[in-house]
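1 is the number of the first residue of the sequence shown in UniProt numbering; add one for each residue after it. Backbone N, C-alpha and C fix where the C-beta goes; we use that ideal spot for every residue, glycine too. Working notes, structure below.
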Amino acid sequence: MMNVPATMLHISESPRSSCTFSSFSGSPPRLSADTLALLDSFYSSKAEEEQRFNDLAEKAASRVASLALNGHIEEPDPPMMSVDEYRLAFGEDWQLSQFWYSTEFATRLAKSVRALCTPTSKVAFMCCPTGFVAFQHTNPLDGARLLEFDDRFRVLAPSKVIRYDLDEPDVFPEDLRGGVDVVIVDPPFLNETTNAKLIQTISQILHPQRGKLVLITSNSIEDVLRRLYEKPPLGPLRLTSLDPEHGGLANEFCCWGSWEGAEDFGKSITE
Ligand SMILES: C[S@@+](CC[C@H](N)C(=O)[O-])C[C@H]1O[C@@H](n2cnc3c(N)ncnc32)[C@H](O)[C@@H]1O
């Protein structure tokens, strides 16, 4: 089945668009001054983003190396950066269907999830890096984890960011098995196969009785979702009070919860 990216952009052209020159004859086409200025500003902000990421990677290098060598890290992770800082260092990779939440929404989500937790709760953000950053920035928990395919995020918190590929749904750390209190998932692709693979993982890590699932995705596949996320603790799905927001995207996204009373999730949370 074709992978439909989780969101559709309102951008007709991007600097990633390819352009063939073979169809032009005579002198090469000239770009207008406005277009050149736009390209210039795009490449400068990309260079700044890369520099910010490289600085972070340098600071985290010893922690990442220690984890790889010893399986654990002596020093604690550094305090989590804000969502605004994160946006400046981590550009969206559209090939991976990366579209970040607005800072306001990420913060509301983080506070709403925190309201479900105790100090010893285990929380897994799956394919949801902005949610993880906002959560650890506003009110960090030792038991929070990010399960993500993109290795860049390891520099944020080397002991808490776990490489996860939904195409290998049975590969996850053993200490998560059956013990996660809250899973927050934002699937990268809008189809049944992607959700079925994620469910294969979630049903192995979510606590069978007290586990709660927060699902954030497009309502364009609501029928599929209601069929797949059907039985506790993964369902039935209830529409929550949170309205997902991304920067400048068109899709109608919703936030569902799997527990009784999930309709009130996010209701009394202000930024
Ligand atoms: C639709 S985005 C959700 C991001 C969310 N809106 C946020 O701001 O945190 C989907 C996420 O899935 C991740 N992803 C892409 N392919 C994946 C794969 N094969 N396995 C696990 N995660 C993947 C992307 O890196 C991206 O962070």
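| Item | Value |
| --- | --- |
| Cβ neighbour criterion (16 or more within 10 Å) applied to His137 | buried |
| Inter-residue spacing [alpha-carbon to alpha-carbon] between Phe42 and Asp165 | 30 Å |
| Ordered list of alpha helix (DSSP H) runs contained in the stretch 173–220, each at least 4 residues | 192–205 |
| Helix, strand or coil at residue 308 according to DSSP, with G and I counted as helix | Here the chain comprises residues numbered 1 to 271, so residue 308 is not present and cannot be evaluated. |
| Segment contact flag, the stretch 103–113 with the stretch 229–249, C-beta cutoff 8 Å, min 3 pairs | yes |
| Range of the contiguous alpha helix (DSSP H) that encloses Leu225 | Glu222 to Leu228 |
| Beta-bridge partners of Leu38, as assigned by DSSP | For Leu38, which the question treats as bridged, DSSP gives no partner whatsoever. |
| Of the listed residues Trp256, Met126 and Phe132, nearest to Glu148 (C-alpha basis) | Met126 |
| Alpha-carbon to alpha-carbon, Asp142 and Glu85 | 21 Å |
| Three-way DSSP call (helix, strand, coil) for Glu252 in this model | coil |
| Boundaries (first-last residue) of the alpha helix (DSSP H) holding Leu88 | Val83 to Ala89 |
| Neighbour flag for Trp100 against chain B, beta carbons, 9 Å | Given the protein chain composition of this structure (a single chain), no chain B is represented. |
| Enclosing alpha helix (DSSP H) for Leu109 [first to last residue] | Thr103 to Arg114 |
| Counted within 10 angstroms of its Cβ, other Cβ atoms place Leu146 as buried (16 or more) or exposed | buried |
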